[in-house]
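**Student:**
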Amino acid sequence: MNSLKRLIYEAYVAAGAPTLDDMALAVAEDDELRACPSRDTINRLVGDATGAGKQADVVALVAVLTRMAGGDDGQVAREAASLWTQAQLAEPLGRPIDDIDPYDLEVHRSITVRGASGLPAYVERTHDIELRQLVADAAHGASRLALLVGTSSTGKTRACFEAVRYLPRDWRLWHPIDPDRPTAALDTLNEVGPKTVVWLNEAHHYLLHREHGEQIAAGLRTLLSDSTRAPVLVLGTIWPGPGYFDDLRSTPTPGEPDPHAQARVLLAGRTIHVPSAFSPSQADELKRSSDPRLAAAATSAQDGMIAQYLAAAFELIDIYAAAPPGTKALLDAAIDARRLGHPVSLPLPFLAAAAEGYLTDSEWELLPDNWLEEALSQLTNPIKGARGPLHPQRRPRGFMESGSPTHGQMYQLADFLEDHGRAERRLERVSPLFWQAALHHCANEGARTLASAAAARGFAEVACRLWVKAGAYEQVARSLTEMHRLDEAIPWYERDAAEGNDLALRLVGQLLAKAGRADESVVWYERAADSGDTEALLWAGDQLAQADRVDEALVRFEGAAAQGIDDALLMGAGHLIAAGRPEEALAWYERAAADGRPKPLRWAAADLTRAGYHDEAVVWYARAADAENTPKGYRWAADRMVTADHLDQALVRYQRAADIGDSDALLVAGDRLVEAGRLDEALPWFDRAADAGDAGALRWAGSRLVAEGRLDDALPWFDQAAGTGDEEALRLAGDQLTEAGRLDEALAWYGRASDEGDDEALRVAGDRLARAGRLAEALSWYERAAGESAPSHLRLAGDRLAEAGRVDDALVWYERAANAGDGGALRRGGDRLVEAGRLDEALTWLKRAADHGDAGALRLAGDWLAEAGRLEESLACYGQAAESSEMRASDAESLLAIGDELADEGRLDEALPWYERAAELGDEDALLVVSDRLVEAGRLDDALEWFERASEAGDPDALRWAGARLTEAGRIDEALVCFERAAEGGDTDSLHWAADGLAYQGHWNAAGHWFERAAEARGSDAFEAAAMQHAAAGRLDDALAWAERAAADGKGSALRWAADRLVGAGRLEDALPWYERAASNGDTNAARKAAHELCRAARFGEAQRWFERAAADGSSSALRWAADRLVVADRLDDALPWYERAAAKGDANSLQVAAGQLANAGRKDESLAWFWRAADASVSLGSGWFPDLSRELLGDDVDVLLRYGRDTTGRLAHRWRLTAEPEES
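With the sequence shown counted from 1, adding 3 to any position gets you my numbering.
Listed below in structure tokens is the structure:
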């Protein structure tokens, strides 16, 4: 169905996305079609991603759309018919929502209590609400993805199961698991259709898969963005931490590989975290549940871990801890297999053989013969109805058995036990017998993943042999290549090729070439070609040509061409050109271009040009253009011919481009001729461009003539351009004549331009005359320009006179302009008089301007007078301006400025009315400005009246500011009245200000009362503010009391704040209980801060307990940080256990750091031991400063490590070889 819908959509887009009406009309007008779908049917076929409609309707629509796009409608119609048939026969992916079984979806079975079985009643938590919203979005047509992140047995899968039950019944669910999870997802993801849930339980199997993870992530991104397949809902679950979610979300450092870039983008903003525990209130409520299992779990589970209790998780841990040696060994083998990446299905023969490596000699001797049966009997028994620690794995109902070979019964480890064991055994070296068992009993994906784990630990031989078991021959070859053992790698590339990797032999050729073994590389390229990789001949040819063996190279290019490689002849020709053999090269180009396609012709032309054979190249440019036969092609060829200095041939191609619709080519051709100094030949091209509709071509020709100094020749072209309606041409001619010093002639052209309707021409003429010093003549042109409707040109005349120093004459023209209706002329006259130092006359003009409605003129007069120091007259003008016109809100700023000016002059009482008028016009700050001015003048009582008025006018801050000013004046009782009134009006900040004011005055008891009130109104912030105020005043004990209250009111940060203040006061002992309380209250940084302060005080023993606490609170770096502090204190031996513990918590790099610290201390043997432990924990030997450290520790033996790795006991490996002979069955 998806392929059919994609075909319809692509045809629709190729046709230019026609409207429904266009498509319906095109179908109706085609009598040859076997169907005539209606407009509504067409709409469904194009827009509905689920329905296929009738075959005849689909074929008719696709045929019409393809024809509209200029394609082969017959072929596409046949394809559409075939895809329609396939869509009808195909069974939809997945199963109906109603048919899903929670246990098939890997929901944990629950314990049984007093006969209660099945799934317990579901208890919704916060994450369920978020998940259900995504489900609702999907039900309404949107594609969504959610990845639930949480530790084992916390209810992630159950939450997803409950959520999908809200979907409509026509949805289906697809759980890709057969033959294995990543293969199933990758092979079938593109078949997911609308209304499908994609179920990715334990998503690390899909997204972290070494080979397919990024492809699956990219496929999911495509699925979610494909509107033709919407809606879909992708649900996944994953554990947190290294090896799981942390790997997907972490961003590598610059320069490092980024193996999960697609997955990181896919999951951005799409994760939902599931808490490990129920809250105390939830647990208390569940104790009263009618489901006895929930009630029992709520009563008995520790720390709210109810979901884990229901899955029998804690009994699993008890069984593991108390297991007898054989049983424990079997579980340890299973745990190690899973933590090293083996798929969930664990072959029993492998587990049994691997378990022997986990027993001591005495345990092995005492083990009964039937130990395996006894262990399985104990481990497979259900626990209160839930699965036991190790249970037989059955295929899901409805799925066929995989065709892959089996290796006995498969078992699955309980995932809670897997999670627990992974943490417990994180630093344990895997037994050599484990690897031996893997080599004997693992295959396919199990062998492949364990091989990767072995390689990460430096067990190169085991890794390669496991890859062989998995059939991953390319990986064997690559590993040997990386170990600088190319000759041993080559047979494995060969074997990989025999298994169907078409590029393997070519890769050998490339590696040999890189190693400088050119002759051998050619042999392998030819073998690759013989095996069907015909492009390898191109590599062989290149290799030979680079070695100056061109004739031998040509044989390979010839062979590639014979095999149908399009570019082979062109590559051969290119090498002939490079070798200085152009005649032979041309013959090869001819052969490549025999079919007349434009590409070989263009390639040949470009090669010849680069080699400097411009004459030959021109011929090929011409042939390429003729083959393409498009305007773009001809223009492309012409441009390159010009570059090759073949202008005449280029002109032919410009003409051909113009002949088939590119009229711009004519203008370009003209420009090329001008650039070549052939202006006269260019003119006919400009003329023809004008005939073809380019309105500016004639004027452009004139400009080109002017640029060549041929003004007289240019004038007829400007004239001709004007005749075609180009208004700018006549004025441009006038401009050119003016610049040539022929102003009188220019005036005639300006006059003509004016007669043709160019309103600017007369003004331009006036400007030209004025600049030429012919002012009297200029005035007449300005007068003509003004006419009856453009009085501003009269003002321009006045400007020119003023600029010439004739201000009195200018005034006459300003007067005339004003009388003709130019509103700005009188003000301009005033400006000119001010510039001439005639301020009193200017005032007359500005007042006349005001009389004529120029409201700003009087304000301008006031500004001029103020600048002249005539303040009284300035104020009179401002006053007249205010009274003479309707004041606007925008005038308030001017009024405020007047008030400020008077106040600055010490005339505050005169300023007050101006401030008041500004306030009346809506200036919200005016009344407060007055108040502050009065306060600055020492007139607080007067200021209070203005604060009062501001409050009455609606300013919410006025009373608070009044209180602040009274506080500053020491009038605290009056201040409190203002603060009280402000608070009654809803200004809760005033309560805090009152408290601060009282504290500032030393009235601490009274301040406390106001802080209390502030807290009632604003919450715990007020308590914290009180604490800070007391601390700043040196009243630390009082500050602590307020911090206590802030914490009690929910301000958890107040506890660490208090501790930090105590530390600052030198009271570390008193601070520690506060850090303790902060940590208990959820402050994840409190314990680390306490440890830091103790280290600073050299109290390392006590600090260690706090580092422990920080690590328990989730600080991933706390343990290593503690170790680093001990190293700084020269206590390396004390630091080592902390590095160990940090590694055990998942910080494997701590082992590497410890090795480095020991090396720095000159303790080489111990450093080497930690070095190998880091390798056992899969810290890559090539990461960080490991390579430098390995050279320092191993000396000459580092070459052995690089070439052969380690053996499974952890020592440097002996030299080993791995032959590529087929293994005996």
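From the three backbone atoms N, C-alpha and C, an ideal C-beta is built for every residue, glycine too.
1) For W784, which three-state DSSP category applies?
2) Indicate whether A1255 and Y616 have their beta-carbon atoms separated by less than 8 Å.
3) Which residues mark the beginning and the end of the beta strand (DSSP E) in which V152 is found?
4) Answer with buried or exposed for L297, where buried requires no fewer than 16 other C-beta atoms within 10 angstroms of its C-beta.
5) Among residues of its own chain, excluding the 5 on either side of W470, which ones have a beta-carbon nearer than 8 Å to its beta-carbon?
6) Going by C-alpha to C-alpha distance, which of A781, R559, L416 and A800 sits closest to Q396?
7) Would A1062 pass as a contact of W1077 if the rule is Cβ separation under 8 Å?
8) Helix, strand or coil for Y125, going by three-state DSSP, please let me know.
9) In the DSSP assignment, the alpha helix (DSSP H) including W591 goes from what residue to what residue?
10) Closest by CA to Q1155, which one among G1149, F1174 and R1166?
11) Where does the unbroken alpha helix (DSSP H) through W202 begin, and where does it stop?
12) List the endpoints of the continuous alpha helix (DSSP H) containing I219.
13) Might you give, ordered along the chain, the residues of its own chain that have their beta carbon closer than 6 Å to the beta carbon of L861, omitting 5 neighbours on each side?
14) Please state whether the Cβ-Cβ distance between L362 and P392 is less than 8 Å.
15) Just grab the DSSP bridge partners of T383 for me.
16) Should S407 be labelled buried (16 or more other beta-carbon atoms within 10 Å of its own) or exposed?
17) Consult DSSP for Y817 and reduce its assignment to one of helix, strand or coil.
18) Can you find the residues in the same chain that come closer than 6 Å, C-beta to C-beta, to L701, ignoring five residues on each side of it along the sequence?
19) Under 8 Å between the Cβ atoms of A953 and L930?
20) Measuring CB to CB, does G801 end up less than 8 Å from R831?
21) Relative to the ligand ADP, is the shortest distance from any of its heavy atoms to the C-beta of L148 smaller than 7 Å?
22) How would you write the range of the beta strand (DSSP E) that P395 sits in, first residue to last?
23) Following the continuous alpha helix (DSSP H) through Q415, name the residue where it begins and the one where it ends.
24) Could you give the distance in angstroms between the alpha-carbon of I580 and the alpha-carbon of E497?
25) Hey, quick one: how far does the beta strand (DSSP E) through G239 stretch, first residue to last?
26) On the three-pair Cβ rule with 8 Å, is the segment 682-696 touching the segment 661-668?
27) Would you list the residues sitting across from W177 in a DSSP beta bridge?
28) What's the call for E359, buried or exposed, on a 16-neighbour Cβ count within 10 Å?
29) What number of angstroms, rounded off, separates the C-alpha of A63 from the C-alpha of A31?
30) Which ranges would you report for the alpha helix (DSSP H) in the segment 797-858 if only whole runs of at least 4 residues count?
31) Take every Cβ of the segment 214-229, pair it with every Cβ of the segment 183-190, and state whether three or more of those distances are shorter than 8 Å.
32) Check whether the Cβ of R936 lies closer than 8 Å to any Cβ atom in chain D.
33) On a CA-only basis, which of E786, L782, G827 and A441 is nearest A807? Give me that one, please.
34) By Cβ distance, which residues of its chain are closer than 6 Å to A869, with the 5 residues on each side in sequence left out?
35) In angstroms, rounded to a whole number, what distance separates the CA positions of K472 and N447?
36) Once DSSP output is grouped into helix, strand and coil, what is the label at A1164?
**Tutor:** According to the data block:
1) Working through the sequence shown from its first residue, we reach residue 784 at position 781. Assigned with DSSP and collapsed to three states, W784 falls in helix.
2) Only positions 4 to 1228 of the chain appear in this structure, which leaves residue 1255 out of reach.
3) The residue given as residue 152 occupies position 149 in the sequence shown. Residues R147 to V152.
4) Translated into the one-based positions of the sequence shown, residue 297 becomes position 294. Its Cβ being crowded by 16 or more others within 10 Å, L297 is buried.
5) Against the sequence shown, residue 470 aligns to sequence position 467. Same-chain partners within the cutoff: A450, R451, A454, Y476, Q478, V479 and S482.
6) Position 393 of the sequence shown, counted from the start, is the residue given in the question as residue 396. Residue nearest to Q396 within the set A781, R559, L416 and A800 is L416 (criterion: CA-CA distance).
7) Position 1059 of the sequence shown holds residue 1062. Position 1074 of the sequence shown holds residue 1077. In contact: A1062 and W1077 (Cβ atoms closer than 8 Å).
8) Working through the sequence shown from its first residue, we reach residue 125 at position 122. The answer is coil: DSSP assigns Y125 none of H, G, I, E or B.
9) The residue you call residue 591 lines up with position 588 of the sequence shown. Here the alpha helix (DSSP H) through W591 covers P585 to A595.
10) As a position in the sequence shown, residue 1155 is number 1152, starting the count at 1. Looking at the Cα atoms, F1174 is the closest of the given residues.
11) Numbered from its first residue, the sequence shown carries residue 202 at position 199. It is not in any alpha helix (DSSP H) - W202 instead sits in the beta strand (DSSP E) that spans T199 to L203.
12) The count along the sequence shown starts at 1 and reaches residue 219 at position 216. Start and end: G216 to S228.
13) For the purposes of this step, residue 861 is taken as residue 858 along the sequence shown, with counting starting at 1. Same-chain partners within the cutoff: A853, C880, Q883 and A884.
14) If you number the sequence shown from 1, residue 362 lands on position 359. If you number the sequence shown from 1, residue 392 lands on position 389. No. Outside cutoff.
15) Numbered from 1 along the sequence shown, position 380 holds the residue referred to as residue 383. DSSP lists no partner for T383.
16) As a first step, residue 407 is located in the sequence shown; it is residue number 404 there, counting from the start. Below a pLDDT of 50, predicted positions are generally treated as unreliable, and S407, at 41, falls in that range; no measurement from the model is reported.
17) Walking along the sequence shown from the start, residue 817 turns up at place 814. Three-state DSSP puts Y817 in a helix.
18) Within the sequence shown, residue 701 is the residue found at index 698, counting from 1. Excluding residues within five positions, the ones whose Cβ falls inside 6 Å are A693, W720, Q723 and A724.
19) Looking up residue 953 in the sequence shown gives position 950. Looking up residue 930 in the sequence shown gives position 927. Yes. Within cutoff.
20) For the purposes of this step, residue 801 is identified with residue 798 of the sequence shown, where counting begins at 1. For the purposes of this step, residue 831 is identified with residue 828 of the sequence shown, where counting begins at 1. In this structure, G801 lies near R831, with their beta-carbon atoms less than 8 Å apart.
21) This structure simply doesn't include the ligand ADP, nor any ligand for that matter.
22) Taking the first residue of the sequence shown as 1, we reach residue 395 at position 392. Taken as a continuous stretch (DSSP letters only), the beta strand (DSSP E) holding P395 covers L393 to P395.
23) Position 412 of the sequence shown, counted from the start, is the residue given in the question as residue 415. First-last for Q415: M413 to L416, but that is the beta strand (DSSP E), not the alpha helix (DSSP H).
24) By 1-based counting over the sequence shown, the position of residue 580 is 577. By 1-based counting over the sequence shown, the position of residue 497 is 494. One C-alpha to the other measures close to 36 Å.
25) As a position in the sequence shown, residue 239 is number 236, starting the count at 1. That run of the beta strand (DSSP E) goes V235 to I241.
26) yes
27) Looking up residue 177 in the sequence shown gives position 174. Answer by DSSP bridge pairing, in chain order: V201.
28) In the sequence shown, counting from the first residue as 1, residue 359 sits at position 356. Classification of E359: buried, given that the 10 Å Cβ count is 16 or more.
29) Within the sequence shown, residue 63 is the residue found at index 60, counting from 1. Within the sequence shown, residue 31 is the residue found at index 28, counting from 1. Looking at the two C-alpha atoms, the distance is approximately 10 Å.
30) 810-822, 828-838 and 842-854
31) yes
32) The structure shown contains no chain D, having only a single protein chain.
33) The residue you call residue 807 lines up with position 804 of the sequence shown. Considering only alpha carbons, the answer is L782.
34) Here residue 869 refers to the residue found at position 866 when the sequence shown is read from its first residue. Hits under 6 Å: S877.
35) Walking along the sequence shown from the start, residue 472 turns up at place 469. Walking along the sequence shown from the start, residue 447 turns up at place 444. If I take the Cα positions, the gap works out to 7 Å.
36) For this step, residue 1164 is matched to residue 1161 along the sequence shown. Coil, per DSSP.
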